[in-house]
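Undergrad: Sharing a structure with you now.
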Amino acid sequence: MKTTVFVAGESRLRRAITGPALFLFILGDVLGAGVYALVGKMAGEAGGAVWVPLLVALGFAMLTAASYAELVTKYPKAGGAAVFAERAFGKPLLSFLVGFCMLAAGVTSAAGLSLAFAGDYLGAFLDTPAVPTALAFLTVVALLNARGIKESLGANAVMTVVEVSGLLLVVVL
């Protein structure tokens, strides 16, 4: 077993995130898998022009991902949007509220997307109960995240490429 000695002021975390991996992570986060739950509704509203809002959304998602990637490299501290709000406005309460809202959005979207995965996507192929399947899915994701940042980012990169490819297929077809 490897023993690690920590020196005061030294970070325990390794810097293992590359620029492209960070961009793919943020792009996947901004796009979200929820767009697939809305494609049918969008097609009903937009008809044959369903590709237009998808392409616009992809463009904005890429700009947002590039902006976040730039901010993260400029302010390499844990905290993300809360750190950016603190640096921009210098108000601790605002920074707390931004961080809390980001946390709440993450928990809510994880719950909703895991239920969508278990009920809508997987349910189309297998007859499984939605809630236990969603909990199992969240457990697998949590274990992957606990395994390490490289493994988590690798899985995220694969899922983001699949997600963007699917959106591009909808646009092209």
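Heads up, the sequence shown is in numbering that gives the first Met the number 0, so the first residue is 0 and it goes up one at a time. C-beta atoms are modelled at their ideal positions from N, C-alpha and C, and glycine is treated no differently.
How far does the alpha helix (DSSP H) with residue 16 in it extend, from its first residue to its last?
TA: No alpha helix (DSSP H) contains residue 16, which DSSP labels as neither H nor E.
Undergrad: Let me check understanding here. Comparing Cα to Cα, which of 38, 77, 31 and 78 lies closest to residue 61?
TA: Comparing Cα-Cα distances from residue 61 to each of 38, 77, 31 and 78, the minimum goes to 31.
Undergrad: Note the first and the last residue of the continuous alpha helix (DSSP H) segment covering residue 166.
TA: That run of the alpha helix (DSSP H) goes 148-171.
Undergrad: State the start and end residues of the unbroken alpha helix (DSSP H) segment that holds residue 59.
TA: Run containing residue 59: 50-73, per the alpha helix (DSSP H) assignment.
Undergrad: CB-CB under 6 Å to residue 1, same chain, minus the five flanking residues each way: which ones, in chain order?
TA: Note that residue 1 scores a pLDDT of 48, beneath 50, so its modelled location is shaky; the value from the coordinates is reported in the next line. Cβ within range, chain order: n/a, list empty.
Undergrad: What's the gap between the Cα of residue 21 and the Cα of residue 77?
TA: Whole-angstrom Cα-Cα distance: 14 Å.
Undergrad: Could you tell me which of 59, 83 and 57 sits nearest to residue 69, measuring between CA atoms?
TA: Closest option to residue 69, Cα to Cα, is 83.
Undergrad: Measure the alpha-carbon distance for residue 37 versus residue 81 and round it to whole angstroms.
TA: Cα to Cα, residue 37 sits roughly 29 Å from residue 81.
Undergrad: Between the C-alpha atoms of residue 7 and residue 138, what's the straight-line distance to the nearest angstrom?
TA: For residue 7, the predicted structure reports a pLDDT of 47, less than 50, and the residue's modelled location is therefore unreliable. A value from the coordinates is still provided. About 34 Å.
Undergrad: Give the range of the alpha helix (DSSP H) segment to which residue 111 is assigned.
TA: From DSSP, the alpha helix (DSSP H) with residue 111 extends over 91-115.
Undergrad: Assuming the contact rule is C-beta atoms closer than 8 Å, residue 129 and residue 118 should be a hit. Round their C-beta distance to whole Å, please.
TA: Right, the Cβ-Cβ distance comes to about 4 Å (below 8 Å), so this counts as a contact.
Undergrad: Between which two residues does the alpha helix (DSSP H) holding residue 80 run?
TA: From DSSP, the alpha helix (DSSP H) with residue 80 extends over 80-88.
Undergrad: Can you name, in chain order, every residue of its own chain whose Cβ lies under 6 Å from the Cβ of residue 156, other than the five neighbours on each side?
TA: Taken in chain order, the residues that qualify are 23.
Undergrad: Between residue 166 and residue 57, which are expected to be in contact by the criterion C-beta below 8 Å, what is the C-beta distance as a whole number of angstroms?
TA: Residue 166 to residue 57, Cβ: 6 Å. Contact.
Undergrad: Got a sec? Which residues, its chain only, sit under 8 Å from residue 121 by beta carbon, not counting five neighbours each side?
TA: Same-chain partners within the cutoff: 127 and 132.
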